[in-house]
Amino acid sequence: MSLGEMTEEELRSRVRALLEEAHPDRVDAFTFRGKQYDNGLAWVHFPEGYGGLGLNPKMQAVVQDELRRNAETQHDDMMLNPIGIGMGAPTVLTHGNEWMKRTLLRRIFTGEDIWCQLFSEPGAGSDVAGLSMRGVRDGDDWVLNGQKVWTSLAHVSKWGMLLARTDPDRPKHEGLSYFLLDMESPGVEVRPLHQITGEAEFNEVFLNDVRIPADRMLGAEGDGWRVAITTLMNERTAIGGAVGRRGGGSIGILLELWNARTPGSLSPAAEAVLRDRITQLYIRSELLRFTSQRAKAAQKTGNPGPEGSVGKLALAELNQRIWECGMDVLGTDSLVYEAGYRRRRPAGESRTGRLALAKYQFLRSRANSIEGGTSEVMRNILGERVLGLPGEPRPDKGVPWKDVPRSA
Amino acid sequence: MDFAFTPEHDELRQTVRRFLDKESSETAVRAVMESDRGYDERTWTRMAEEMALPGLSVPEEYGGAGLGPIERAIVMEEMGRVLFCGPYLSTAVVAADTLLLAGDDDARGRLLPEIASGRALVTLALGEEGGAWEPADVRLEAHRDGASHRLEGTKEFVVDGHVADVLLVAARMDAGVALFEVDAGARGLERTLLPTLDLTRKLARIRFSGTSGRRIGSADAAPQLAMVLARALAALAAEQAGGAERCLEMATDYARTRLQFGRAIGSFQAIKHKCADMLVEVEFARSAAYYAAFRAADEDAQELASASHMAKAYCSEAFFHAAADNIQIHGGMGFTWEHPAHLYFKRARASSVLFGDPVYHRERLAARIGV
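Quick mapping for you: the protein sequence lines, in order, are chains A and B. If you're matching positions, the first sequence starts at 1 in my numbering and goes up one per residue. If you're matching positions, the second sequence starts at 1001 in my numbering and goes up one per residue.
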């Protein structure tokens, strides 16, 4: 029997055998996940020896189901190592050399090595391919200088996926190379970036004459954009996808806020206006759920349409409208920010309790229409790729990167 | 599973689209909308004989195809795309459902085969002055007169009421609201075709002066009527989603080919982003309409009630926005009589009011979800 033909039942018994060997309720996460990786149950669609069994990716759901049935303790990839697992592993598998695959994949899955992504720069947001960080070859090393920004988890990361410009004389997409940066290298400085909530979910990362061995390049020199596409494609799949439950998430909190309002605190006119707004938001929340369900159903029948592309834009706009409405429901209560703006790493206390959560989300949701593709970029994608409208004229097309105008 | 359309569904959609492309071209729509009848009898007959559409959801024992609300939503969506002018909503959806749900075997046996064969047009006369659509708002009165009943009052905005062969009239009697079958030729019946904003769907005022009617079903038809309305909303929402889709297609086709300042106007983000926002609303509208259709199909009355309020509220606005933006993107051309954009704009406006406007349906939904 080749592994490609493994049946669901055989896969389930393999999971049960793993649980005999190490059980998540009895051993720590690193130990259990290490064994899970060694048994090819980390990512079943990866090749044997790299945490997988060469199966259809859909079979991973069988593994997760069997784990859920047999263990209390469930390890959440998103808590453990979201960027490493979501984007690092597929990128290393697709473009990495043998050393990277042998050494890094297992430690990504166990969470021993946290990963971060070093693409965005102060001068390169939506236009990330226009980035400026320079990489210059020096013997067996590359020497890197420049600044990255909006880097989640950089302060706890061992490895960073870094995109840098190695040839400024080529047009922007062609002069990029992709590196794996050991975040403990001399010359790497990570500073917290405080956002409008006062907290620092993200970092700025400064590179000052940082040396990276040449064999830590992913893909060929000048081929970095193609590698970055692998990473970015996996980012999109990590963000979209989940179908929530009715009345859950943001709209659920808004309904709770509404039902907890002080009787008589609003005029009849204000009540009527808010009731209608909340109902509109409820409808859109439901329709967003239905649209994700439609996308899933269409994927199953192999007939996907535009329903799968509108989620990111719709969710960002909806979430902002919901929390704006939440603040309107709170009225003068919204003048007070109980959690305060102490500069710190996110600790969670600003999000406990309905009231604090609403105020926190009102601020945090501004990022929804910026992070992971601004709503303007999403509208361009919908307009051009789904509706087939022509692109904007691009003044930087075919022009050497060094000659393209840039903000200071 | 929800939203899982089968190959048979896709085939139905394609067949209906081909038929409508031929029978309901813009030229045909314009010809019919300028006529008082408001539909083409030959097309309606072919629709019955070749496509079996009037009886799509009529059970097979009454000569229908025995299909359900999902198939009907597909047909309505296709009709909405081309602004089909015909008695489909009045006869094949609302009247057929009224007869199916009223629980009167005799009326079913007499009228459903006539609907399925395309021989009779039947419509429900429910709404009255002031635009109330709920059974509780019915004021028109019915009085016993021997074995028959006499109706007294006026119905407004009766879809295809001027051409229907049979009227199903909701009337107040004793404790509740009951249904009465009235022949178009009955004495004391006065029908007036209203000069409608939307020329593609005809509405009539019908005055009953001691008009004789035959009672259908029980003395209290309010619960059945509520169900009829919910299913009608699901169908109408699908029609609206279809209209919105077509507006988006017209707008993007034009934006791709219309050149100004040496560029296709669709390359400007001001236009492109408007189209992207329309796309989001169109996809949401389809989700809303399909969800209501699936709930109607599994006869989940509670969930259908919420789903139909949601669908009608959302699809009405999505269609209107798409129709308005379509005019805007077409610029001066979109404001002309010659261009079809105004036909969609008027249909969007009128269909958003028919059977209750978005504010009304959100109010009903708010009560259901405890907002």
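For every residue, glycine included, the Cβ atom is placed at its ideal position computed from N, Cα and C. Every value quoted in this text rests on a predicted model; they were computed, and no experiment measured them.
For residue i, three-class secondary structure by DSSP
i: Lys-312(A); result: helix
i: Met-217(A); result: strand
i: Gly-391(A); result: coil
i: Asp-140(A); result: coil
i: Trp-43(A); result: coil
i: Asn-203(A); result: strand
i: Tyr-50(A); result: coil
i: Asn-70(A); result: helix
i: Glu-1419(B); result: Residue 1419(B) lies beyond the range of chain B shown here (1001 to 1371); nothing can be said about it.
i: Thr-301(A); result: coil
i: Phe-179(A); result: strand
i: Phe-1294(B); result: helix
i: Arg-406(A); result: coil
i: Pro-82(A); result: helix
i: Leu-1101(B); result: helix
i: Lys-1346(B); result: helix
i: Met-1173(B); result: strand
i: Ala-1264(B); result: strand
i: Asp-65(A); result: helix
i: Asn-97(A); result: coil
i: Ile-239(A); result: Residue placement at Ile-239(A) is poorly supported in this model, since its pLDDT is 47, which falls under 50; the coordinates still yield a value, given next. Helix, per DSSP.
i: Val-1093(B); result: helix
i: Val-1058(B); result: coil
i: Met-1(A); result: In this prediction, Met-1(A) scores a pLDDT of 43, lower than 50, which makes its location untrustworthy; no coordinate-derived value is stated.
i: Glu-21(A); result: helix
Element boundaries [alpha helix (DSSP H), containing residue i]
i: Ala-164(A); result: From DSSP, Ala-164(A) is part of no alpha helix (DSSP H) but of the beta strand (DSSP E) over 159-165.
i: Arg-1013(B); result: 1007-1023
i: Val-128(A); result: Unbroken run through Val-128(A): none, as it is neither H nor E.
i: Asp-38(A); result: 29-38
i: Pro-1358(B); result: 1358-1369
i: Leu-254(A); result: 249-259
i: Ile-1074(B); result: 1069-1082
For residue i, the residue or residues it bridges with in DSSP
i: Leu-1189(B); result: Phe-1208(B)
i: Gly-340(A); result: Per DSSP, none; premise fails for Gly-340(A).
i: Glu-1034(B); result: Glu-1034(B) pairs with nothing; no bridge assigned.
i: Leu-355(A); result: BP columns for Leu-355(A) are empty, so no partner.
i: His-1149(B); result: Arg-1144(B) and Gly-1213(B)
i: Ser-152(A); result: Phe-202(A)
i: Asp-1183(B); result: Val-1166(B)
i: Gln-147(A); result: Phe-206(A)
i: Glu-1128(B); result: Ala-1132(B)
i: Pro-212(A); result: Here the sequence assigns Ile to residue 212(A), which means Pro is not the residue at that position. Answer is Trp-142(A), bridged to Ile-212(A).
i: Val-1158(B); result: Ala-1204(B)
i: Arg-134(A); result: Asn-145(A) and Arg-165(A)
Cβ neighbours of residue i in the same chain (closer than 8 Å, five flanking residues each side left out)
i: Ser-132(A); result: Glu-121, Gly-123, Ala-124, Gly-146, Arg-165 and Arg-406
i: Asp-169(A); result: Gly-175, Pro-400, Trp-401 and Lys-402
i: Gln-299(A); result: Gly-308
CB-CB length for residue i against residue j, believed under 8 Å
i: Gly-86(A); j: Asn-234(A); result: 6 Å
i: Gly-1055(B); j: Ala-1116(B); result: 3 Å
i: Ala-944(B); j: Ala-1178(B); result: Past the edges of chain B, shown from 1001 to 1371, lies residue 944(B), and the structure says nothing about it.
i: Lys-1202(B); j: Gly-1038(B); result: 4 Å
i: Ala-1388(B); j: Ala-1348(B); result: Outside the modelled stretch of chain B, which goes from 1001 to 1371, sits residue 1388(B), for which no answer is possible.
i: Ala-1244(B); j: Phe-1319(B); result: 4 Å
i: Arg-1072(B); j: Val-1093(B); result: 7 Å
i: Ala-228(A); j: Leu-163(A); result: 5 Å
Beta strand (DSSP E) segment containing residue i, residue limits
i: Cys-116(A); result: 115-118
i: Glu-384(A); result: Note, Glu-384(A): premise wrong, no beta strand (DSSP E); not H, not E.
i: Ala-1125(B); result: 1122-1125
i: Pro-1223(B); result: Pro-1223(B) -> not in any beta strand (DSSP E); alpha helix (DSSP H) instead, spanning 1222-1257.
i: Ala-1322(B); result: Unbroken run through Ala-1322(B) is the alpha helix (DSSP H), 1301-1330; no beta strand (DSSP E).
i: Leu-419(A); result: Because residue 419(A) is not part of the residues shown, which for chain A are 1 to 408, the question remains open.
Same chain, Cβ closer than 6 Å to residue i, five either side skipped, listed in chain order
i: Met-100(A); result: Val-92
i: Ile-1070(B); result: Ala-1293 and Ala-1297
i: Tyr-37(A); result: Gly-51, Arg-106 and Phe-109
i: Leu-1083(B); result: Val-1029, Thr-1200, Leu-1343 and Arg-1347
i: Pro-57(A); result: His-45
Near the ligand SAM: residue i beta-carbon under 7 Å from a heavy atom
i: Leu-1140(B); result: Absence of the ligand SAM from the depicted structure is noted, as is the absence of any ligand whatsoever, leaving it without description.
7 Å Cβ shell around residue i - same chain, five flanking residues per side excluded
i: Gly-1153(B); result: Arg-1139, Leu-1140, Glu-1141 and Phe-1208
i: Leu-18(A); result: Lys-35, Gln-36, Asn-39 and Leu-41
i: Leu-357(A); result: Ile-253 and Arg-351
i: Thr-94(A); result: Thr-230
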